[in-house]
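Numbering (our numbering), first residue to last: 51 to 341. Glycine is no exception: its CB is placed at the ideal position from the N, C-alpha and C atoms. Encoded as C-alpha cells, the structure appears first; notes follow it.
Here it is as C-alpha cells:
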C-alpha cells in the first residue's frame, strides 16, 4: 500500500509538471527529453547497483511495445492536450485506467481473478472521484473535445500497458522501466530534432525545473515502482493508483495553493481509499479446520 501511495503521489504531481513544462517547451521535445533523461538515469542506477540489462532481442521487442503503450503515445498525447486542457481535468480523465484494465482483463486476457470486490472497488473509486472534484469540475468537458479525446486515448494505452507489463515477470523492475524509456527516447528524439529544432527554443527556468522533476521523480523512480507493483499486485490493482491521483492533487492544492475542500470532497476521499483497498488488499485465506 505504501508503494501504491508513493506511485500515486509521483504520478499525481506529473500533470502539474507537464502543464508548467509545455508552457515554453513543445510537447514532442518535452516528452523526448523526459524519456531520455529518465532512461539514462535508470541505466546509471542499474550500473551502480550491478543490475544486468537483458540482451535478448525478444525482450527488447517487448520493450518496444511497452514503450509505445506506456510512454511514447500516452506521454505525448497528454503533453499536447495539456496545452489547452487544465491539469486537474487531465487527471480526472486519465483516472479511468483502472476501469479499462478491469474490463480488458475480464473480456480478453482473464489472467487475474475478476471478483465482485474488485468490481465494487472500481465503482467506489469512480464515485469518490466525483465527490472529491465535484460535478463542476466536468463543466469544461467537451469544450476542447479533441484534446480530451487524446487524454482518453492515453488512458486506454495505460490500461493496455498495465496488462502487457505482466510479460516482464522475472526481470528486475528497473529493466523494463529503463528499456522502454530508452526505446521511447530513440523513437522521439529524432522527431523532436526534425519538428521542433530544440536548439532554437527558449524554455523558461520553471519549464526546465518541471522537466527535470518530471523525468527523475515522476518517471524514472515511478516506473521502477510501477513494474514492481505490476508483478506483485497485478494490472488491475496497480492501475488503482489512478484513483489516488485526484485526492493527492487536491491535497497539494490545499498545501501550496491555498485551496479548500468541501464536505463532499472529504466523503469522496473515504470512497477512494475504500475502492483502492477493495482492489488491492488480497482476501484472507480460509483457515482449514480439523475434522
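1. Using beta-carbon positions only, say whether residue 84 and residue 265 come within less than 7 Å of one another.
2. Report the three-state DSSP secondary structure of residue 66 (helix, strand or coil).
3. What runs of the beta strand (DSSP E), each 3 residues or longer, lie entirely inside the stretch 106-145?
4. Once you ignore the five residues that flank residue 298 on each side, which residues in its own chain have a CB closer than 6 Å to its CB?
5. To the nearest whole angstrom, what separates the beta carbons of residue 122 and residue 238, a pair I think is in contact under 8 Å?
6. Quick check on the DSSP output: the alpha helix (DSSP H) that includes residue 249 runs from which residue to which?
7. Taking the continuous alpha helix (DSSP H) assigned at residue 234, which residues delimit it?
8. Measure the alpha-carbon distance for residue 131 versus residue 211 and round it to whole angstroms.
9. Using only the alpha-carbon positions, how far apart do residue 143 and residue 197 sit?
10. Using the C-alpha atoms, what's the distance from residue 256 back to residue 113?
11. Return the chain-ordered list of same chain residues with a C-beta closer than 6 Å to the C-beta of residue 65, the five sequence neighbours on each side being excluded.
12. Confirm, please, whether the CB-CB distance from residue 133 to residue 72 is below 7 Å.
13. Return the CA-CA distance between residue 181 and residue 296, expressed in angstroms with no decimal places.
14. How should residue 271 be labelled, buried or exposed, when 16 other C-beta atoms within 10 angstroms of its C-beta is the threshold for buried?
15. Using only alpha-carbon positions, find the residue among 199, 269, 318 and 317 that is nearest to residue 88.
16. Apart from the five residues just before and just after residue 222, which ones in its own chain have a Cβ nearer than 7 Å to its Cβ?
17. According to DSSP, is residue 75 part of a helix, a strand, or is it coil?
18. Looking at C-alpha atoms only, which residue of 53, 82, 52 and 56 is the closest neighbour of residue 262?
19. Counting only the same chain and skipping the five closest in sequence on each side, list residues whose C-beta sits under 8 Å from that of residue 91.
20. Which whole-angstrom value is the C-beta distance of residue 204 and residue 294, which I expect to be below 8 Å?
21. Which residue comes first and which comes last in the alpha helix (DSSP H) that contains residue 202?
22. Can the beta-carbon of residue 77 be found less than 7 Å from the beta-carbon of residue 129?
In this structure, then:
1. Reading the chain shown from its first residue, position 34 is the one you call residue 84. Reading the chain shown from its first residue, position 215 is the one you call residue 265. Going by C-beta atoms, residue 84 is nearer than 7 Å to residue 265.
2. Numbered from its first residue, the chain shown carries residue 66 at position 16. Residue state, collapsed to three classes: helix.
3. Here no run is fully enclosed.
4. Numbered from its first residue, the chain shown carries residue 298 at position 248. The beta carbon of residue 298 lies closer than 6 Å to those of 58, 59 and 62 in the same chain, with the five residues before and after it left out.
5. Taking the first residue of the chain shown as 1, we reach residue 122 at position 72. Taking the first residue of the chain shown as 1, we reach residue 238 at position 188. Their Cβ separation, rounded to whole angstroms, is 6 Å, which keeps residue 122 and residue 238 in contact under 8 Å.
6. In the chain shown, counting from the first residue as 1, residue 249 sits at position 199. In the DSSP annotation of this structure, residue 249 is not part of any alpha helix (DSSP H), being labelled neither H nor E.
7. Sequence index remark: in the chain shown, residue 234 carries index 184 (1-based). From DSSP, the alpha helix (DSSP H) with residue 234 extends over 224-245.
8. The residue labelled residue 131 in the question sits at position 81 within the chain shown. The residue labelled residue 211 in the question sits at position 161 within the chain shown. Counting only the Cα atoms, residue 211 lies some 20 Å from residue 131.
9. Within the chain shown, residue 143 is the residue found at index 93, counting from 1. Within the chain shown, residue 197 is the residue found at index 147, counting from 1. Near 11 Å, if we compare the C-alpha coordinates of residue 197 and residue 143.
10. Taking the first residue of the chain shown as 1, we reach residue 113 at position 63. Taking the first residue of the chain shown as 1, we reach residue 256 at position 206. Using only the alpha carbons, I get a separation of about 32 Å.
11. For this step, residue 65 is matched to residue 15 along the chain shown. Cβ neighbours of residue 65 beyond the five flanking positions: 137, 140 and 141.
12. As a working mapping, residue 72 is identified with position 22 in the chain shown. As a working mapping, residue 133 is identified with position 83 in the chain shown. It is a contact, given that the beta carbons lie within the stated cut-off.
13. Residue mapping note: residue 181 aligns to position 131 of the chain shown, counting from 1. Residue mapping note: residue 296 aligns to position 246 of the chain shown, counting from 1. So the alpha carbons of these two residues sit roughly 11 Å apart.
14. On the chain shown, position 221 is the one that residue 271 refers to. Flag for residue 271 reads buried.
15. Along the chain shown, one-based indexing puts residue 88 at 38. Per the Cα distances, 269.
16. Numbered from 1 along the chain shown, position 172 holds the residue referred to as residue 222. Within the same chain, 101 come within 7 Å of residue 222 by CB-CB distance, once the 5 residues on both sides are set aside.
17. For the purposes of this step, residue 75 is taken as residue 25 along the chain shown, with counting starting at 1. In the structure shown, residue 75 sits in coil (DSSP, three-state: anything other than H, G, I, E or B).
18. Against the chain shown, residue 262 aligns to sequence position 212. Closest in alpha carbon position to residue 262, among 53, 82, 52 and 56, is 82.
19. To locate residue 91, count along the chain shown from 1; it is residue 41. Excluding its 5 nearest sequence neighbours in each direction, residue 91 has C-beta neighbours in its own chain below 8 Å: 265, 266 and 270, listed in chain order.
20. As a first step, residue 204 must be located in the chain shown, where it is residue number 154. As a first step, residue 294 must be located in the chain shown, where it is residue number 244. About 18 Å separates the CB atoms of residue 204 and residue 294; that is not less than 8 Å, and the two are not in contact.
21. By 1-based counting over the chain shown, the position of residue 202 is 152. Counting along the chain, the alpha helix (DSSP H) containing residue 202 begins and ends at 195-214.
22. Indexing the chain shown from 1 puts residue 77 at position 27. Indexing the chain shown from 1 puts residue 129 at position 79. Yes, the Cβ-Cβ distance between residue 77 and residue 129 is below 7 Å.
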